[in-house]
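**Q** Those letters in the sequence shown? Residues -24 to -1, 1 to 466, by mature numbering (1 follows the signal peptide of the UniProt record, and there is no 0). Beta carbons: idealized from backbone N, C-alpha and C, even for Gly. The model shown is predicted, which means the values in this text are computed figures rather than measured ones. One structure coming up, written as structure tokens, with questions to follow.
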Amino acid sequence: MAGRSAAAAAVVSLALLLASCATPVMQPAIEVPGRFAAASASAEEPEAAWWDSYGDPVLSDLVRRAAQENRDVRIAAERVRAARAGETISRSWLLPTLSVGAMGFNHTTNYDTVLKNFVPEAANTRAGQVGIGASWEVDVFGRLRAGAAAAAADTIAVQNTARGVRLLVLTDVATNYFTLVGALRQLETVRAISAAQDETLRLVTARERVGLATPFDVERVKTEASRTHAAIPPLETLAAVSRHHIAVLVGDQASNAASITPSGVGAIVPPARPGQPATLLQRRPDLLVASAQLDAANARRQQAMAEWFPRLFLGAVFGRESIDLNGIALGPARFSNVAGLIAMPIFNAGRTQAINDIAEIGQKEAVLHYEDAIVRALEDVENALVALDDERQRAQLLENAATTAEAALGRAQSLYNRGQTDLLPLLDAQRTRLAVRAIANDSSTQLLLDSVQLYKALGGGWEVFEAAPAPDGTAPSHSSSNVDRDEGPS
């Protein structure tokens, strides 16, 4: 009979164990295309240190400063440290817990005087204990292992979130730097055109004095000159604000932004090399975060399933104690206590089922979130590729138009100076030159900004700062454990 009971218990335990291993693990069902539709087929991956490909040393220096000193990056690194501490806590439940305890007491009892002929009026007991205790939940069905796996996946998600913060900071630096460069270039153009219009106003005013121009001509030239002058303050504001943003991004203050001076080297827009769409899943931080969150949700589903099964607890206490009764020492004594406990839920008003329902919903939500992140990442890259290609064509056409407008203005000015045309064609040529040159400058700046947006969509650059050479000259691996290598004291 006892043999049958043992066999039945073994069968039940094996069935429960197999059931716990059958917990469904969900994965995204998105089919990643073999190439980007807006780019030619190429296996060449984008450059990791993409900011260096622009050929601007000031930009490269600012990006590297921001990667080390930016406060958002450093805050994210502290969150990684906190996540690792939480992972340590989760892993600790897999191992026994040892503790040391000590206890002492002094107990005095005063008896009623009626009993004084039989016992002393007072009894004093002193006792002391010291011992070592151990407790352990044996992870029979993997509940604690699943919890530790979920915590490890959460840590990876936080690490990749920190990488995303760093990538955002790097692209923000590049965006504000090119905005600053564009504003300064536009300021130079507008000021040059404004100076030319001031010269035209001087000539027209001189002609008006000798009767070769009318007061109406003078007023028209003044209007154009004033309108051009009015375009200068907004550009100065844009340049100042961009400097302020960059100063804060590199960990400085806006009051020190005047020291940020572009190199004057014309940035070269690098060719678009998006690589293969599948590599986005290993490079883009938000996709890495979503993948880790799905792993955590799968582990929590396994942890929730284990709530249905028995839990085994073991405990032991070993120590020594001594007792002193009314000054008489009874001598030291050893004591020990070993216990085991098996607990299994029978009825808890649906709590275990609710725990599993929540875990299953979280699992489905995580896989949908990952799928959505994949399709949105692919969309971001496709949009950036289209915008970059179209802006490249537009910039070339506008540059040609600006060259033509310059030539037309020169001819109009020559004809007006010789008296072969009136003022109106000259003013039209000046307006056209200003408008076309301003749009061409904006397009050149937008081309640079679109290229930064492509690098942001591709998600690279953060790995450069995790692969910095070690102090001994060795090159560390690109593992996630280096994510906070450069952020503050540990």
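To test your reading of the DSSP string, which unbroken alpha helix (DSSP H) runs of 4 or more residues are found completely within the segment 245 to 284?
**A** Segments of the alpha helix (DSSP H) lying fully in the segment 245 to 284: 256 to 259, 261 to 281.
**Q** Could you name the residues of the same chain whose beta carbon sits closer than 7 Å to that of Gly77, not counting the 5 residues immediately before and after it, in chain order?
**A** If you number the sequence shown from 1, residue 77 lands on position 101. Excluding positions up to five away in sequence, the list reads Gly107, Gly109.
**Q** Please confirm whether Asp130 and Glu212 have their CB atoms less than 9 Å apart.
**A** Working through the sequence shown from its first residue, we reach residue 130 at position 154. Working through the sequence shown from its first residue, we reach residue 212 at position 236. In this structure, Glu212 does not lie closer than 9 Å to Asp130 by Cβ.
**Q** Look up Ser111 in the DSSP assignment and say whether it is helix, strand or coil.
**A** The residue labelled residue 111 in the question sits at position 135 within the sequence shown. It is a strand residue.
**Q** Touch check for the segment 188 to 201 and the segment 159 to 179: three-plus C-beta pairs under 8 Å?
**A** Contact holds: three or more Cβ-Cβ distances are below 8 Å.
**Q** What are the partner residues of Gln105, as DSSP defines its beta bridges?
**A** Residue mapping note: residue 105 aligns to position 129 of the sequence shown, counting from 1. Its beta-bridge partners are Met79, Glu297.
**Q** Using DSSP's beta-bridge definition, name the partner residues of Phe311.
**A** Working through the sequence shown from its first residue, we reach residue 311 at position 335. In the DSSP output, where bridge partners are listed per residue, Phe311 has Gly295.
**Q** Report the three-state DSSP secondary structure of Gly140 (helix, strand or coil).
**A** Position 164 of the sequence shown, counted from the start, is the residue given in the question as residue 140. In this structure, Gly140 counts as helix in the three-state DSSP scheme.
**Q** In the DSSP assignment, find the alpha helix (DSSP H) that holds Ser36 and state where it starts and stops.
**A** Locating residue 36 in the sequence shown gives position 60, where the first residue counts as 1. Unbroken alpha helix (DSSP H) run through Ser36: 33 to 45.
**Q** From the DSSP output, read off the bridge partner residues of Arg287.
**A** Taking the sequence shown and counting its residues from 1, the one referred to as residue 287 is at position 311. Paired residues: Ala319.
**Q** Leu264: which of Arg139, Glu45, Gln422, Arg413 sits nearest, CA to CA?
**A** Locating residue 264 in the sequence shown gives position 288, where the first residue counts as 1. Looking at the Cα atoms, Arg139 is the closest of the given residues.
**Q** Identify whether Leu211 lies in helix, strand or coil by the three-state DSSP scheme.
**A** Position 235 of the sequence shown, counted from the first residue, corresponds to residue 211. Residue state, collapsed to three classes: helix.
**Q** With which residues is Asn100 paired in a DSSP beta bridge?
**A** The residue labelled residue 100 in the question sits at position 124 within the sequence shown. Its beta-bridge partners are Thr84.
**Q** Can at least three beta-carbon pairs, one atom from the segment 394 to 401 and one from the segment 421 to 431, be found at a separation below 8 Å?
**A** Not touching, per the Cβ criterion.
**Q** Let me know the secondary structure DSSP gives Thr181 once reduced to three states.
**A** The sequence position of residue 181 within the sequence shown is 205, counting from 1. Residue state, collapsed to three classes: helix.
**Q** Nearest by alpha-carbon distance to Pro238: which of Ala171, Ala230, Asn152, Ser312 is it?
**A** Start at 1 with the first residue of the sequence shown, and residue 238 comes out as number 262. If we check each option's Cα against that of Pro238, Asn152 comes out closest.
**Q** With distance defined between alpha-carbon atoms, name the residue in Arg260, Asp37, Ala52, Trp112 nearest to Trp69.
**A** To locate residue 69, count along the sequence shown from 1; it is residue 93. Of Arg260, Asp37, Ala52, Trp112, the residue nearest in Cα terms is Trp112.
**Q** Would the C-beta of Gln396 count as close to the ligand PLP, meaning under 8 Å from any of its heavy atoms?
**A** Among the components modelled here there is no ligand, and therefore nothing to report on the ligand PLP.
**Q** On a CA-only basis, which of Ile415, Ala411, Glu439 is nearest residue 503? Give me that one, please.
**A** Since the first residue shown for the chain is -24 and the last is 466, residue 503 is missing from the structure and cannot be characterised.
**Q** Near Val8, which residues of its chain fall below 6 Å by C-beta distance, leaving aside the five closest residues on each side in sequence?
**A** Taking the first residue of the sequence shown as position 1, residue 8 is located at position 32. Excluding sequence neighbours, Val8 sits near Pro253, Ala254.
**Q** Could you tell me if Leu91 is buried or exposed, where buried requires 16 or more neighbouring beta carbons within 10 angstroms of its beta carbon?
**A** Position 115 of the sequence shown holds residue 91. In this prediction, Leu91 scores a pLDDT of 48, lower than 50, which makes its location untrustworthy; no coordinate-derived value is stated.
**Q** Expressed to the nearest angstrom, what Euclidean distance is found between the alpha-carbon atoms of Arg300 and Ser312?
**A** Position 324 of the sequence shown, counted from the first residue, corresponds to residue 300. Position 336 of the sequence shown, counted from the first residue, corresponds to residue 312. For the record, residue 300 in the displayed sequence is Asp; it is not Arg. Looking at the two C-alpha atoms, the distance is approximately 20 Å.
**Q** Which word fits Arg409, buried or exposed, when buried means at least 16 other C-beta atoms lie within 10 angstroms of its C-beta?
**A** The sequence position of residue 409 within the sequence shown is 433, counting from 1. Under this definition Arg409 is a buried residue.
**Q** Report the residue from Val114, Glu20, Asp262, Asp193 whose alpha carbon sits nearest the alpha carbon of Asp398.
**A** For this step, residue 398 is matched to residue 422 along the sequence shown. The option with the nearest alpha carbon to Asp398 is Asp193.
**Q** Find the nearest neighbour of Leu290 within the set Ala275, Leu71, Arg60, Pro33, judged by alpha-carbon distance.
**A** Here residue 290 refers to the residue found at position 314 of the sequence shown. Comparing Cα positions, the closest option is Leu71.
**Q** With a CB to CB cut of under 6 Å and the five nearest residues on each side skipped, what residues in its chain are close to residue 467?
**A** As shown, the chain starts at -24 and ends at 466. That puts residue 467 outside it, with no answer to give.
**Q** Compare the C-alpha of Pro246 against each of Ala61, Leu430, Ala381, Asn100 and name the closest.
**A** For the purposes of this step, residue 246 is taken as the residue at position 270 of the sequence shown. It is Leu430 whose Cα lies nearest to the Cα of Pro246.
**Q** Compare the C-alpha of Val166 against each of Thr101, Ala207, Glu184 and name the closest.
**A** Here residue 166 is taken as the residue at index 190 of the sequence shown, counted from 1. If we check each option's Cα against that of Val166, Ala207 comes out closest.
**Q** Among Ala363, Phe441, Ile415, Val343, which has the Cα closest to the Cα of Pro(-1)?
**A** On the sequence shown, residue -1 is found 24 positions in, with the first residue counted as 1. When each option's Cα is compared against that of Pro(-1), the closest is Val343.
**Q** Could you tell me whether the segment 224 to 235 touches the segment 142 to 160, using the rule of 3 or more Cβ pairs below 8 Å?
**A** Yes, the segment 224 to 235 touches the segment 142 to 160.
**Q** Name the DSSP beta bridge partners of Thr379, please?
**A** Within the sequence shown, the letter at position 403 stands for residue 379. DSSP, once it has assigned bridges, lists no residue as partnering Thr379.
**Q** So what does DSSP say about Thr147, is it helix, strand or coil?
**A** Along the sequence shown, read from residue 1 onward, the residue named residue 147 stands at position 171. Three-state DSSP puts Thr147 in a helix.
**Q** Between the Cα of Ile169 and the Cα atoms of Leu385, Gln339, Gly436, Gln422, which residue gives the shortest distance?
**A** Residue numbering aside, residue 169 sits at position 193 when the sequence shown is read from its first letter. Residue Leu385 is the option with its Cα nearest to Ile169.
**Q** Do Ala5 and Glu347 have their C-beta atoms within less than 9 Å of each other?
**A** Position 29 of the sequence shown, counting from 1, holds the residue named residue 5. Position 371 of the sequence shown, counting from 1, holds the residue named residue 347. Yes; because the gap between Cβ atoms is below 9 Å, this pair is in contact.
**Q** If I'm right that Gln279 touches Ala127 with Cβ under 8 Å, what's the distance once you round it to whole angstroms?
**A** Your numbering for residue 279 matches position 303 in the sequence shown. Your numbering for residue 127 matches position 151 in the sequence shown. Between Ala127 and Gln279 the Cβ distance is about 10 Å, and since that is not below 8 Å, they are no contact.
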